[in-house]
Amino acid sequence: MSGAEHVADQTLPSTLSILPLKNRILLPSSAMKLLLTSPRSVALVDAILSSTSAGSGHHHSLYVGVVPTRRDPRANSNAFAAANGMLDDTDDNEDAPHHAGGDQEDERARLHDVGTAARIIQISRKDSPVRSYTLLLEGRCRFGLDKLTAVHPFIVGEVRQLDAAGGSQGDPEQDDPDLAAVAASFKDRARELVDRLERRKGHARRLKSMLESAPAHRLADLFVAAFEDSFDARLELLSTTCPKERMRRALSLVEAHLGQLDVTTDIAKRVEGRLSKTQREYLLRQQMQAIREELGETDGAGGEEDDLDQLQRRLHDAAPPDEVLKQATQELRKLRKMTEQAPAYGSTRSWIECVASLPWSKEAAADAHEVAMVEARAVLDEEHYGLDKVKDRIVEYLAVRRLRPEARPPILCFTGPPGVGKTTLARSIAKVLSRPFQRISLGGVRDEADIRGHRRTYIASMPGRLIAGLRRCGVKDPVLLLDELDKMGADSRGDPAAAMLEVLDPEQNHAFTDHYLGVPFDLSRVTFLATANDPRTIPGPLRDRMEMIDVPGYTSEEKHHIAMTHVVPRVLDEHGLLRPKPRLTIPREAVEVVVRSYTREAGVRGLQRCLASLCRAAAVHAAQASDHKAVEGGGGGGGGGVLASPPEGPGFRRGCAGSAGILHPAAAALSHIGPDGVPVVTRELIDKVLGPPRYDGASDDLRSSGLVPGVVAGLSWTAVGGDIMYIEAAVMPGAGSLQLTGQLGDVIKESAHIAMSWVQSHVAALGLTGDSMPFPEGGGGGGGGIGGSGGSGGRRRGGGSPP
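Under this note's numbering, the first residue of the sequence shown carries the number 631, and numbering increases by one thereafter.
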């Protein structure tokens, strides 16, 4: 009949109604429930019902051919889930050519060559919302699809039976000893697989019962249908007609699953062995690591990189020496086996990161702009005024570096009082060399570990200042300034000056070993510069490794030029008086007054502080004027010299009545306005802000001072240079004794007595009877000035002119 065939025995008819099935496969001896909604599938069921003339819904011995369609690669395979549900997996193929008359060849090409003859166990009908049928099918046997005889209203094809129907007796292959042996092996491995799987107990019991009761030639179909969800595996088993071959294929599937379980179990055991009872929460991370080791991806060859992979790549990119790379790789391998809570995890990782971030092979850019010698001198002249001898030595230093780049340059140590520009000279050298600059402050360093680093055995250990400075620079040939080299001390923890001997020795610093690193680092490419105020406090062996360059103090004329060129613009900008518009003018005359009457130093730091005080007073005046404009509604324009009156209102809290709304006592002195409408610093403002003059500038100029008998100008030594000291001798009637006043040391007392002996030897010529000599505290010990003051005083008493 067309569409369905009633089979009285176990032989299939020559034609069957074909039910195409997409992405799913029905195997013999298995059951499947299908929801049919497509027009062609509904027409097939209607024909079956019409031919049997039965309406109860229960139809035995009704067969239909279930043939899988060739799989669409874009379709998702979910066959195992669909086999236990009610998914509409029939292939209605609404766009197929059968609507236009039917093309049997195209339809045949869509279907596989082998299908399953299925018996209809149950039919259920549903008319809402659309007409549909639900079929319960039981696979009976395999058949080969030869050709199609009809495609409309449903598919009918000529078939040939390939094996015996399920449940048939007397199958000759059941007595095959080879089949029995393969089946026994299959049952053993299948039982092992079921026992090891974490499935529900009821399902496991059913699988074991099926293995015991199923016939050998149906065992493979039953087990794969119940266990395997792979479309390709099911299709391969459906296409295999030989029972022994099917059993072997099913056995290979079971072996593959057991192999996967072996790998998973081995990984789990390996991870469990690494973990303690308190580390169970990190099981997932360790499993991921073990999986990567199993796949051979521990070196970052595949998979997603984690932070340790990035650290390893940074370590190789740094290109350290082979010995250092080998040691760092070993430490990294240990780190991978640790948990983050391990005591040594943090210190080990910090050490590896330090090694990876050091510039082992990276140098300053080879194509960096190389400043010409004329331009180098221009840079020095632009950034420093005066200091011609110092600049000449720096130019010589740069010239030798230009001619012999590989030569080991001398280590220059700039010595001089504070504020004369020693540090800025070092910055200028780095600028001319086009290299990174790093300042390392050594003032107050008393521990050798600050230079060599702390050993890794200590908690919170870290590298020394030199290695840390190179790490910040990022190149192996920077300019490192050892600032305040004379301020280092020594105590029970060691002498940092002794540690500096290796750093500054060109014969040793190519293998400088920091205690934290524990591996040698090459410092021979580093350009070392140093600064000091008092070179006498530098230990002799360390001073012998450097070339001392004295940076003298500035004269008054040099201070004037430096102030107008560098200091004044900087302090105005720092106090907001230069941008967006000028708010204060500091003329040269005001700078001269400050230099002459308020500062007496070798450098310009005191001058900068005095000018900053003037700027702060002007900033208060400018801010108060801005507040007043805001209260009145604002308005552009100048008026910088007009004092602002205090704002009124409930939110304003007036101060004392005497202030009259002026926030700064020196604000009234800013009434002098320049031609550009900007307040100008005057002598009145200087006196109010800085107070009375601290020094009499005219007394320092001996050329302009008058000659006073008994007063001699001497030179005294100070820690930052020298100073002028006046020695005065007072002549009084007496027995020729010497009286010294002031806090004097033994050296100056001895000098005074020697000078007095000289004066007494000339007493007849001078007519002296007694001297009293006052000295400033901290003066020098020169006897010439003392004797000169005594002789001058004697000539004055005798009425003669001073010598």
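From the three backbone atoms N, C-alpha and C, an ideal C-beta is built for every residue, glycine too. Please read all numbers here as calculations on a predicted model, not as lab measurements.
Problem - Own chain, CB closer than 6 angstroms to G1104, minus 5 neighbours either side, in chain order - result: Position 474 of the sequence shown, counting from 1, holds the residue named residue 1104. Only P989 meet the Cβ criterion.
Exercise for the section: With a threshold of 16 other CB atoms inside 10 Å of the CB of N723, please say whether the residue is buried or exposed. Expected result: Along the sequence shown, one-based indexing puts residue 723 at 93. Residue placement at N723 is flagged as unreliable, the pLDDT there being 46, under the threshold of 50; a coordinate-derived value is accordingly withheld.
Practice task
Quickly, what does DSSP pair D1027 with across the bridge? List them, please.
Solution key: As a first step, residue 1027 must be located in the sequence shown, where it is residue number 397. One detail in the question is off: residue 1027 reads as Tyr in this sequence, not Asp. Under DSSP, Y1027 forms no beta bridge with any residue.
Handout entry: E1013 versus Q919: straight-line alpha-carbon distance, rounded
Key = By one-based count along the sequence shown, residue 1013 stands at place 383. By one-based count along the sequence shown, residue 919 stands at place 289. Near 58 angstroms, if we compare the C-alpha coordinates of Q919 and E1013.
Exercise for the section: Determine, using beta-carbon pairs with one atom in the stretch 759-777 and one in the stretch 656-664, whether at least three such pairs fall under 8 angstroms. Expected result: Enough Cβ pairs lie closer than 8 angstroms, so yes.
Problem - Cβ separation of S1256 and R1226, assumed to be a contact under 8 angstroms, to the nearest whole Å - result: Numbered from 1 along the sequence shown, position 626 holds the residue referred to as residue 1256. Numbered from 1 along the sequence shown, position 596 holds the residue referred to as residue 1226. That pair is no contact at about 34 angstroms.
Practice task
Examine chain B for any beta-carbon lying closer than 8 angstroms to the beta-carbon of Y975, and answer yes or no.
Solution key: Here there is only one protein chain, and chain B is not present.
Practice task
Check whether the stretch 1152-1168 touches the stretch 1038-1046, counting contact only when three or more Cβ pairs, one atom from each stretch, lie closer than 8 angstroms.
Solution key: They touch, by the three-pair rule.
Problem - Cβ-based burial, K967 [other Cβ within 10 Å; buried from 16] - result: Working through the sequence shown from its first residue, we reach residue 967 at position 337. With a 10 Å radius around the Cβ and a threshold of 16 neighbouring Cβ atoms, K967 comes out exposed.
Exercise for the section: Drop a sphere of 10 angstroms on the beta-carbon of I1059, count the other beta-carbons inside from all chains shown, and report buried for 16 or more, exposed for fewer. Expected result: Along the sequence shown, read from residue 1 onward, the residue named residue 1059 stands at position 429. Flag for I1059 reads buried.
Practice task
Please list, in chain order, all residues of the same chain as G1304 whose beta carbon is under 7 angstroms from its beta carbon, the five residues on each side excluded.
Solution key: Counting from one through the sequence shown, the residue named residue 1304 turns up at place 674. Only T1215, V1310 meet the Cβ criterion.
Exercise for the section: Provide the residue span of the alpha helix (DSSP H) that contains C984, from first to last. Expected result: Walking along the sequence shown from the start, residue 984 turns up at place 354. In this chain, the alpha helix (DSSP H) harbouring C984 covers 975-987.
Practice task
List in chain order: all unbroken alpha helix (DSSP H) runs of 4+ residues lying wholly within the stretch 1178-1234.
Solution key: Runs found: 1186-1192, 1198-1204, 1218-1228.
Handout entry: M840 versus E885 - alpha carbon distance
Key = On the sequence shown, position 210 is the one that residue 840 refers to. On the sequence shown, position 255 is the one that residue 885 refers to. Those two C-alpha atoms are separated by around 19 angstroms.
Exercise for the section: May I ask you to verify whether the stretch 1188-1205 touches the stretch 1226-1242, counting CB pairs closer than 8 angstroms and requiring at least 3? Expected result: Yes: the two stretches touch, three or more of their Cβ pairs being nearer than 8 angstroms.
Problem - C-alpha gap between L852 and A747, whole angstroms - result: Working through the sequence shown from its first residue, we reach residue 852 at position 222. Working through the sequence shown from its first residue, we reach residue 747 at position 117. Answer to the nearest angstrom: the Cα atoms are 15 angstroms apart.
Handout entry: Own chain partners of K1061 with C-beta closer than 7 angstroms, once the 5 adjacent residues on each side are dropped
Key = Locating residue 1061 in the sequence shown gives position 431, where the first residue counts as 1. So the qualifying residues of the chain are V1009.
Handout entry: Rounded separation between D892 and G787 - CA only
Key = Residue mapping note: residue 892 aligns to position 262 of the sequence shown, counting from 1. Residue mapping note: residue 787 aligns to position 157 of the sequence shown, counting from 1. The straight-line gap from Cα to Cα measures roughly 46 angstroms.
Exercise for the section: Could you tell me whether the stretch 1150-1160 touches the stretch 1129-1142, using the rule of 3 or more Cβ pairs below 8 angstroms? Expected result: Result yes; three or more Cβ-Cβ pairs closer than 8 angstroms.
Problem - Sub-8 angstroms separation of K1106 and E993 beta-carbons - result: Working through the sequence shown from its first residue, we reach residue 1106 at position 476. Working through the sequence shown from its first residue, we reach residue 993 at position 363. Judged by beta-carbon spacing, E993 lies within the 8 angstroms limit of K1106, meaning their Cβ atoms are closer than that value.
Practice task
Can you grab the Cα-Cα spacing for the pair D1116 / T1167, in whole Å?
Solution key: As a first step, residue 1116 is located in the sequence shown; it is residue number 486 there, counting from the start. As a first step, residue 1167 is located in the sequence shown; it is residue number 537 there, counting from the start. Straight-line Cα distance between these residues: approximately 6 angstroms.
Handout entry: According to DSSP, residues forming a beta bridge with C1103
Key = If you number the sequence shown from 1, residue 1103 lands on position 473. Per DSSP, C1103 has no beta-bridge partner at all.
Problem - Sub-8 angstroms separation of R1111 and I1070 beta-carbons - result: On the sequence shown, position 481 is the one that residue 1111 refers to. On the sequence shown, position 440 is the one that residue 1070 refers to. Checking the displayed sequence, the identity of residue 1111 turns out to be Leu instead of Arg. Less than 8 angstroms separates the beta-carbon of L1111 from that of I1070.
Problem - E1358, DSSP secondary structure in three states - result: For the purposes of this step, residue 1358 is taken as the residue at position 728 of the sequence shown. Note: E1358 maps to strand in three-state DSSP.
Problem - Reference A1127; option with closest CA among Y1088, T870, R1076, R1102 - result: Indexing the sequence shown from 1 puts residue 1127 at position 497. R1076 is the residue among Y1088, T870, R1076, R1102 whose C-alpha sits nearest the C-alpha of A1127.
Problem - Candidates G1119, V1050, V1250, of which the one nearest I1081 by Cα - result: Mapped onto the sequence shown, residue 1081 falls at position 451. Taking each of G1119, V1050, V1250 in turn and checking the Cα distance to I1081, the smallest one comes out for G1119.
Problem - Exposed unless 16 or more other CB atoms sit within 10 angstroms - verdict on E1204 - result: One-based indexing of the sequence shown puts residue 1204 at position 574. With fewer than 16 other Cβ atoms inside 10 Å of its own Cβ, E1204 counts as exposed.
Handout entry: For V697, the first and last residue of its enclosing beta strand (DSSP E)
Key = For this step, residue 697 is matched to residue 67 along the sequence shown. Residues 692-698.
Problem - Cross-strand partners of P650 (DSSP beta bridge) - result: The residue you call residue 650 lines up with position 20 of the sequence shown. In the DSSP output, where bridge partners are listed per residue, P650 has V697.
Practice task
May I have a chain-ordered list of the alpha helix (DSSP H) segments no shorter than 4 residues that lie completely inside the stretch 1114-1191?
Solution key: You should have 1126-1133, 1170-1174.
Handout entry: Buried or exposed by the 16-neighbour rule on C-beta atoms within 10 Å, applied to V812
Key = Position 182 of the sequence shown, counted from the first residue, corresponds to residue 812. Counting every other CB atom within 10 Å of its CB across the protein chains shown gives V812 a total of 16 or more, marking it as buried.
Exercise for the section: Closer than 6 angstroms by C-beta to A1220: which residues in its own chain qualify, once you throw out the five before and the five after it? Chain order, please. Expected result: On the sequence shown, residue 1220 is found 590 positions in, with the first residue counted as 1. Correct list, in chain order: V1311.
Practice task
Using the Cα positions of D808 and G745, report the straight-line distance between them to the nearest angstrom.
Solution key: In the sequence shown, residue 808 corresponds to position 178, counting from 1. In the sequence shown, residue 745 corresponds to position 115, counting from 1. In this structure, the CA atom of D808 is about 27 angstroms from the CA atom of G745.
Practice task
State the Cα-Cα distance for the pair I1357 and R1324, rounded to the nearest angstrom.
Solution key: Position 727 of the sequence shown, counting from 1, holds the residue named residue 1357. Position 694 of the sequence shown, counting from 1, holds the residue named residue 1324. Straight-line Cα distance between these residues: approximately 20 angstroms.
Practice task
Would you kindly check if the distance between the Cβ of L1320 and the Cβ of S1387 is under 8 angstroms?
Solution key: Working through the sequence shown from its first residue, we reach residue 1387 at position 757. Working through the sequence shown from its first residue, we reach residue 1320 at position 690. The Cβ atoms of S1387 and L1320 do not sit closer than 8 angstroms to each other.
Handout entry: DSSP-derived helix/strand/coil call for P951
Key = If you number the sequence shown from 1, residue 951 lands on position 321. If DSSP states are grouped into helix, strand and coil, P951 belongs with coil.
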